[in-house]
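The sequence shown maps to residues 2 to 280 in our numbering.
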Amino acid sequence: PLVTTKDMLEDAYKNNYAIGAFGAHNLEVIKAVIAGAEKVGAPVILQTTSSTYKYVEMPYLIALAKTAAEQAKVPVALHLDHGESYHTVMECLRAGYTSVMIDGSSLPYEENILLVKKVVEAASAVNVPVEAELGTIGGVEDSVSVKEENAFFTDPKQAEHFVKVTGIHSFAPAFGTAHGKYQQKPKLLFELLQEIHSSTNIPLVMHGASGVPEEDVRESLKYGIAKVNFSTELKDLFAEELRAYFNDHPTENDPRKYFLPARESLIKLVEQKIVMLQK
Ligand code: 13P
Ligand code: ZN
Ligand code: NA
């Protein structure tokens with residue numbers, strides 16, 4: 002069934018595990034994410050940026066996600082990832098997303114607060130929970146690109162104020178993760194995360210989880226991380242499988258054949274990631 006992220010994140014937060022949130026770019030990925038979650042029997046979040054719903058086109062995306070969620074044996078939420086404006090959030094609420102992120106992290110603090118408050122007010126009216134970010138998570142995510150030297154960590158005191166005045170339901174702190182690939186092994190600031198955890202008291206979201214070692218992801222579950230976002234590893238694997246397939250079958254032209262190994266590998270990856278997030 003299609004549900005919001007509210008109950009799943011609260012349960013995960015209370016019980017020190019996390020929900021996997023996966024970048025869903027097309028039909029093949031959506032089906033693989035659901036199949037992986039069903040193998041574990043865990044709730045799952047399909048998430049898209051606005052570039053994805055522009056690419057797939059909103060009515061198609063909604064039909065795919067709703068159908069997938071209705072067929073699924075596990076709860077499924079459809080979440081807007083890194084929503085860049087009030088306008089984008091409204092489009093998603095109207096279309097039927099069950100969870101949204103508003104990303105005002107590049108704005109001055111007071112402007113970020115005003116934007117997030119406005120989004121929370123609108124989304125709450127239709128019972129859709131809101132995720133927001135403070136600090137700057139490095140790396141590249143679709144249209145958002147932040148150079149490492151411009152990334153800065155979340156201040157726990159400011160986070161406390163931000164969460165209190167905006168009324169958001171989940172919070173994405175910057176504590177050392179980055180979107181995309183890591184140049185070196187990432188250094189996560191667990192003490193900072195712990196402080197943010199105790200000053201905010203709401204489910205926390207790890208962005209940029211592709212490339213984060215398993216032990217670091219698991220460690221973060223102790224400090225309030227209840228949603229973990231994966232995108233790059235899925236894209237890499239899907240593309241690698243397609244390249245390998247065409248390398249071995251240079252004349253194959255049937256999409257019903259050449260997508261299959263990519264889909265199968267993706268199911269395994271999603272399953273493995275979700276298992277890693279279990280208690
Ligand atoms: P990765 O691409 O590093 O997995 O980050 C995903 C993400 O945070 C989406 O919001
Ligand atoms: Zn992100
Ligand atoms: Na990453």
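Cβ coordinates follow ideal geometry from the N, Cα and C atoms, glycine included.
ask   = Which residues have their C-beta within less than 7 Å of a heavy atom of the ligand NA, listed in chain order?
value = Ordered along the chain, the selected set is G140, T178, A179, H180, G181, K182, Y183, G209, A210, S211, G212, V213 and T233.
Sheet register partners of I20 (DSSP bridge) = The residue you call residue 20 lines up with position 19 of the sequence shown. Bridge partners of I20: K228.
key: Any non-hydrogen atom of the ligand ZN closer than 7 Å to I138 Cβ   = Taking the first residue of the sequence shown as 1, we reach residue 138 at position 137. Yes, the ligand ZN has a heavy atom inside 7 Å of this Cβ.
query = Taking C-beta to C-beta, are H83 and T50 nearer than 8 Å?
reply = Locating residue 83 in the sequence shown gives position 82, counting from the first residue. Locating residue 50 in the sequence shown gives position 49, counting from the first residue. In contact: H83 and T50 (Cβ atoms closer than 8 Å).
Residues bridged to I268 (per DSSP) = Numbered from its first residue, the sequence shown carries residue 268 at position 267. BP columns for I268 are empty, so no partner.
inquiry  = Considering just the uninterrupted stretch of the beta strand (DSSP E) at H83, what are its terminal residues?
reply    = Start at 1 with the first residue of the sequence shown, and residue 83 comes out as number 82. DSSP places H83 inside the beta strand (DSSP E), whose first and last residues are V77 to G84.
message = Quick check on the DSSP output: the alpha helix (DSSP H) that includes A126 runs from which residue to which?
response = Reading the sequence shown from its first residue, position 125 is the one you call residue 126. Looking at the DSSP string, the run of the alpha helix (DSSP H) that includes A126 is Y110 to A126.
query = Of the choices Q195, K119, Q159 and S100, whose alpha-carbon is the least far from that of V4?
reply = Residue 4 sits at position 3 when you count from the first residue of the sequence shown. Among Q195, K119, Q159 and S100, the Cα nearest to that of V4 is on S100.
inquiry  = Tell me whether F231, by its Cβ, gets closer than 7 Å to a heavy atom of the ligand 13P.
reply    = Translated into positions along the sequence shown, residue 231 becomes position 230. Flag set: Cβ of F231 near the ligand 13P.
request  = Identify which residue in V57, E29 and D8 has its Cα closest to the Cα of N128.
outcome  = The residue labelled residue 128 in the question sits at position 127 within the sequence shown. Measuring from the Cα of N128, the nearest candidate turns out to be D8.
query = Can you tell which of N113, A124, S106 and K188 has the C-alpha that lies nearest to the C-alpha of G97?
reply = As a working mapping, residue 97 is identified with position 96 in the sequence shown. That would be A124, whose Cα lies nearest to the Cα of G97.
For Q283, the three-state DSSP class (helix, strand or coil) = Residue numbering for the chain in the displayed model covers 2 to 280; residue 283 lies beyond these limits and cannot be assessed.
ask   = Taking 7 Å as the line, does the beta carbon of E216 fall inside it for any heavy atom of the ligand 13P?
value = Counting from 1 along the sequence shown, the entry for residue 216 is found at position 215. Incorrect: E216 has no Cβ contact closer than 7 Å to the ligand 13P.
ask   = So, S171 versus K119, is the Cβ gap smaller than 8 Å?
value = On the sequence shown, position 170 is the one that residue 171 refers to. On the sequence shown, position 118 is the one that residue 119 refers to. Taking a C-beta distance under 8 Å as the contact criterion, S171 and K119 do not qualify as a contact pair.
message = Let's test the definition: count the other Cβ atoms within 10 Å of the Cβ of D104 and tell me whether it reaches 16, buried, or not, exposed.
response = Against the sequence shown, residue 104 aligns to sequence position 103. D104 comes out buried.
inquiry  = Following a CB-centred definition, is D143 positioned closer than 7 Å to any heavy atom of the ligand ZN?
reply    = Taking the sequence shown and counting its residues from 1, the one referred to as residue 143 is at position 142. No; taking the cut-off as 7 Å, the Cβ of D143 has no heavy atom of the ligand ZN nearer than that.
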